[in-house]
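Number of protein chains: 4
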Amino acid sequence: MKAEQKRRQELIAATIREIGAEGTLNVTVSQIAKRAGVSPGLAFHYFGDKEQLFLATMRSILRTYGALIRANLVGKTEPVERLTAILETNFSPSQFEDGAVAAWLNFYVLAQTSPEAQRLLALYHRRFHSNLVYSLRPLAGDAAHGIAERLGGLVDGLYLRFALNRSHVDPGPAVAQVLKALEVELSALDG
Amino acid sequence: MKAEQKRRQELIAATIREIGAEGTLNVTVSQIAKRAGVSPGLAFHYFGDKEQLFLATMRSILRTYGALIRANLVGKTEPVERLTAILETNFSPSQFEDGAVAAWLNFYVLAQTSPEAQRLLALYHRRFHSNLVYSLRPLAGDAAHGIAERLGGLVDGLYLRFALNRSHVDPGPAVAQVLKALEVELSALDG
Amino acid sequence: MKAEQKRRQELIAATIREIGAEGTLNVTVSQIAKRAGVSPGLAFHYFGDKEQLFLATMRSILRTYGALIRANLVGKTEPVERLTAILETNFSPSQFEDGAVAAWLNFYVLAQTSPEAQRLLALYHRRFHSNLVYSLRPLAGDAAHGIAERLGGLVDGLYLRFALNRSHVDPGPAVAQVLKALEVELSALDG
Amino acid sequence: MKAEQKRRQELIAATIREIGAEGTLNVTVSQIAKRAGVSPGLAFHYFGDKEQLFLATMRSILRTYGALIRANLVGKTEPVERLTAILETNFSPSQFEDGAVAAWLNFYVLAQTSPEAQRLLALYHRRFHSNLVYSLRPLAGDAAHGIAERLGGLVDGLYLRFALNRSHVDPGPAVAQVLKALEVELSALDG
DNA sequence: AATGAATGAGGATTCATTCAT
DNA sequence: GATGAATGAATCCTCATTCAT
Numbered sequence: 001m002k003a004e005q006k007r008r009q010e011l012i013a014a015t016i017r018e019i020g021a022e023g024t025l026n027v028t029v030s031q032i033a034k035r036a037g038v039s040p041g042l043a044f045h046y047f048g049d050k051e052q053l054f055l056a057t058m059r060s061i062l063r064t065y066g067a068l069i070r071a072n073l074v075g076k077t078e079p080v081e082r083l084t085a086i087l088e089t090n091f092s093p094s095q096f097e098d099g100a101v102a103a104w105l106n107f108y109v110l111a112q113t114s115p116e117a118q119r120l121l122a123l124y125h126r127r128f129h130s131n132l133v134y135s136l137r138p139l140a141g142d143a144a145h146g147i148a149e150r151l152g153g154l155v156d157g158l159y160l161r162f163a164l165n166r167s168h169v170d171p172g173p174a175v176a177q178v179l180k181a182l183e184v185e186l187s188a189l190d191g
Numbered sequence: 001m002k003a004e005q006k007r008r009q010e011l012i013a014a015t016i017r018e019i020g021a022e023g024t025l026n027v028t029v030s031q032i033a034k035r036a037g038v039s040p041g042l043a044f045h046y047f048g049d050k051e052q053l054f055l056a057t058m059r060s061i062l063r064t065y066g067a068l069i070r071a072n073l074v075g076k077t078e079p080v081e082r083l084t085a086i087l088e089t090n091f092s093p094s095q096f097e098d099g100a101v102a103a104w105l106n107f108y109v110l111a112q113t114s115p116e117a118q119r120l121l122a123l124y125h126r127r128f129h130s131n132l133v134y135s136l137r138p139l140a141g142d143a144a145h146g147i148a149e150r151l152g153g154l155v156d157g158l159y160l161r162f163a164l165n166r167s168h169v170d171p172g173p174a175v176a177q178v179l180k181a182l183e184v185e186l187s188a189l190d191g
Numbered sequence: 001m002k003a004e005q006k007r008r009q010e011l012i013a014a015t016i017r018e019i020g021a022e023g024t025l026n027v028t029v030s031q032i033a034k035r036a037g038v039s040p041g042l043a044f045h046y047f048g049d050k051e052q053l054f055l056a057t058m059r060s061i062l063r064t065y066g067a068l069i070r071a072n073l074v075g076k077t078e079p080v081e082r083l084t085a086i087l088e089t090n091f092s093p094s095q096f097e098d099g100a101v102a103a104w105l106n107f108y109v110l111a112q113t114s115p116e117a118q119r120l121l122a123l124y125h126r127r128f129h130s131n132l133v134y135s136l137r138p139l140a141g142d143a144a145h146g147i148a149e150r151l152g153g154l155v156d157g158l159y160l161r162f163a164l165n166r167s168h169v170d171p172g173p174a175v176a177q178v179l180k181a182l183e184v185e186l187s188a189l190d191g
Numbered sequence: 001m002k003a004e005q006k007r008r009q010e011l012i013a014a015t016i017r018e019i020g021a022e023g024t025l026n027v028t029v030s031q032i033a034k035r036a037g038v039s040p041g042l043a044f045h046y047f048g049d050k051e052q053l054f055l056a057t058m059r060s061i062l063r064t065y066g067a068l069i070r071a072n073l074v075g076k077t078e079p080v081e082r083l084t085a086i087l088e089t090n091f092s093p094s095q096f097e098d099g100a101v102a103a104w105l106n107f108y109v110l111a112q113t114s115p116e117a118q119r120l121l122a123l124y125h126r127r128f129h130s131n132l133v134y135s136l137r138p139l140a141g142d143a144a145h146g147i148a149e150r151l152g153g154l155v156d157g158l159y160l161r162f163a164l165n166r167s168h169v170d171p172g173p174a175v176a177q178v179l180k181a182l183e184v185e186l187s188a189l190d191g
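See the structure below:
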């Protein structure tokens, strides 16, 4: 069982690396297995089929992302401080590493047709939203929901634009835009 | 020549429909050709290979989108009126019809590795940005660029979220969020 | 009709050049037609199908070869002089030019299955043989046939080896071997 | 590993048979695989692509030919006896069986463009040549090289002519011509 | 549990050939 | 006569998946 967990992790890591290298889900399971140092058969043994392997990979990415958010929130109690931490986490280097970008883009494609992918994506959206709302409510009251939706959308859109623009090497400006949007939203409340 | 243009259009339309039906670029050229009522060989005759066919399809989508923007701006001179028109156009029914969503999502995937796709995407971003800046400058001066970037990102992000959430049937709320963001940005200027 | 002959010649010349460039019969009729400056349809109009075009090409090559032999024999009356001329002609530069080598090799392949190619090849062998016998008989009497067969085989074999050995640039040594064989055969008669 | 060798042998044998049946390299890998009783994918798994499969086939044919030569030389020590054995081996039934002829002819075509085929062919020529020279030297001294070249060329040429002349059923006459040439060459030395 | 040999359906692409103009 | 657009069968090769060991 311990060994199994390790194999699974290796296969998932290999999936991220292979997808990252190709940009596409068009990588063979054999390639992935080889990169993980196991036989192709094992990938099927553990994950059933290629789509399940990819979904497991996305679950892993989302889990890691969630853990990162929680870690970055530790000890932060001020709403603005928390919001800043949440928003910045989305542009932390790990989000652009390896095959994270490729995984996300292909995940979007899959989400059109795979109910399970859709479920996962909705879960991510919901959690992100409540994280924001939780810290926005003390500052914005009922406006929190609207602001959270806009900030959420902005994060996704800027992530997309940033990830696909190879001339960017530093995600700083993207983060700055998101924080600026937060500032603007909050300042507009007082108007 | 006239016939050639017609065939090309039909193949492009068929590509959009097939990709839309599958959600993926994993549709066969033969399927597309059949849907267009021509032989598979003809698709290769006109477009060279599958990727070129898809790129031609995206160029067509972007051209149509550009024409729609221009049409919706006709007769509008007030900055806010123009901005509203631009932002609303991104959520007009045609943007969700057929396989437009699928085309866009797969285009993002391709943009990671295809220089031509990257070029096209950058062009779209640039045009969208200057369209916004042109109308924002009279209202926001030097802040126009920053606002345009945020609005652009927000549009992309909300489009993505909206497109992938099958429970939405009416893009109204997404548009409302974008227009609200514009309002917030403008009101923050006066603060 | 005059124009037709010209077109045919151009197509045949283009066939030789294309086959020569590829080494194979795996060149498209469209390539050949393009090289000849005509439409692919015309090649079919004139020759019926690809195999006929190739056979016409071989007939042309054999005709040219025959004419060259006759030209080189003009004014030569001495048997040895005539034999030398015949043998040397087989290694004249024109036999190695363009696609002559490729045409011959592919002709051999075709001769296994195409009766028409077989007929042509047999014709070539017969003519070559009688050419040699005609000049050998005064020197060798009844031994002429045997000698002619051996010289004929030697010419084909050395041509093959020479044509396929890219390190050879000068066919001189091959010719020398053939002439030496002639000398040996004749000297053996006196023994 | 044992099974792999067997599969490879079967595929090679099937390649010879299929090429022999068609006369051409224009046989599908699927046909070959079917004849070998395996799936088409396996041919690619073992040989990479069609050309490699054919080259492996030629290597096998050349290996078999070499073994046959060696077997026929066992116990023969007299130079003339050895030369006779070598020359006769080239016209032994196995050289005309199955698709050996077709394989050779297509090999010649391929040798124009494939470096690997060229290498193989040169190797065959070299070995054949030294085999002859080894036995000729005691009889002909320095003339051995020239004689070997002529005998080598004659063998190839007569093999070609014989193989392509379907009216021949017995290679006897071809062998006789080669042996006669040997006799002539040797008798000319004493002159 | 693990392997990796083997499968075979499927897909991009090519090209001889046709035919309306 | 000439064109070249159009066809569609054919082919090489890939790869998800299975299964005997």
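Listed in order, the protein sequences are those of chains A, B, C and D. Okay, so the first sequence: first residue is 1 according to full-length UniProt numbering, each after it adds one. Okay, so the second sequence: first residue is 1 according to full-length UniProt numbering, each after it adds one. Okay, so the third sequence: first residue is 1 according to full-length UniProt numbering, each after it adds one. Okay, so the fourth sequence: first residue is 1 according to full-length UniProt numbering, each after it adds one. Every residue, glycine too, gets a C-beta built ideally from N, C-alpha and C.
Residue i at chain A interface by Cβ criterion, 8 Å
i	result
LEU62 of chain B	no
Spatial distance of residue i from residue j (CA atoms)
i	j	result
LYS50 of chain B	SER94 of chain A	33 Å
LEU83 of chain A	LEU182 of chain A	9 Å
GLY172 of chain C	GLY157 of chain C	15 Å
ARG137 of chain C	ALA143 of chain C	8 Å
LEU73 of chain C	TYR124 of chain C	17 Å
ILE61 of chain C	MET58 of chain D	30 Å
TYR46 of chain D	LEU68 of chain C	49 Å
ILE16 of chain B	GLN52 of chain B	14 Å
PHE44 of chain B	LEU110 of chain C	31 Å
THR24 of chain B	ALA36 of chain A	27 Å
TYR108 of chain D	ILE12 of chain C	23 Å
GLU88 of chain D	VAL175 of chain D	6 Å
GLU185 of chain D	VAL184 of chain C	6 Å
LEU154 of chain A	THR64 of chain A	21 Å
SER39 of chain D	THR113 of chain D	29 Å
Minimum C-alpha distance to residue i - residue among the options
i	options	result
ALA56 of chain C	C:PRO138, C:TRP104, C:ALA176	C:TRP104
VAL80 of chain C	C:SER187, C:ARG161, C:SER135	C:SER135
SER30 of chain B	B:ALA21, B:THR24, B:GLY23, B:LEU42	B:LEU42
LEU179 of chain A	A:ARG35, A:GLN52, A:ASN90, A:ASN26	A:ASN90
ALA140 of chain C	C:ALA188, C:PHE44, C:HIS168	C:ALA188
ASN165 of chain D	C:LYS34, C:PRO115, C:LEU151, C:ASN131	C:PRO115
GLY20 of chain D	D:GLU4, D:ASP190, D:VAL101	D:VAL101
GLU10 of chain B	B:ASN26, B:LYS34, B:THR28	B:LYS34
Below-8 Å beta-carbon distance, residue i vs any chain C residue
i	result
ASN131 of chain D	no
Residues that residue i contacts on chain C, provided the C-beta gap is smaller than 8 Å
i	result
THR113 of chain D	GLU22, GLY23, THR24
LEU164 of chain D	TYR108, ALA111, GLN112, GLN118, LEU121
ARG161 of chain D	HIS125, GLY152, GLY153, ASP156
Neighbour flag for residue i against chain B, beta carbons, 8 Å
i	result
ARG126 of chain A	no
ARG59 of chain A	no
Within chain C, the residues that residue i reaches when beta carbons sit closer than 9 Å
i	result
ALA181 of chain D	ARG150, GLY153, LEU154, ALA181, VAL184, GLU185
Residue-chain proximity (residue i, chain D), Cβ-Cβ < 8 Å
i	result
TYR108 of chain C	yes
ALA140 of chain C	no
ARG17 of chain C	no
Per-residue contacts from residue i into chain A (C-beta, under 8 Å)
i	result
GLN177 of chain B	GLY146, GLU149, ARG150, GLY153
Amino acids of chain C, ordered along the chain, whose beta-carbon sits closer than 7 Å to that of residue i
i	result
ALA188 of chain D	VAL184, SER187, ALA188
Between the region 143 to 159 of chain B and chain A, which residues of the former have a C-beta closer than 7 Å to a C-beta of the latter? GLY146, GLU149, ARG150, GLY153, LEU154, VAL155, ASP156, GLY157, LEU158
Below 9 Å between beta carbons is the criterion; list the residues of the region 78 to 105 of chain A that meet it against any residue of chain B, in chain order. VAL101, ALA102, LEU105
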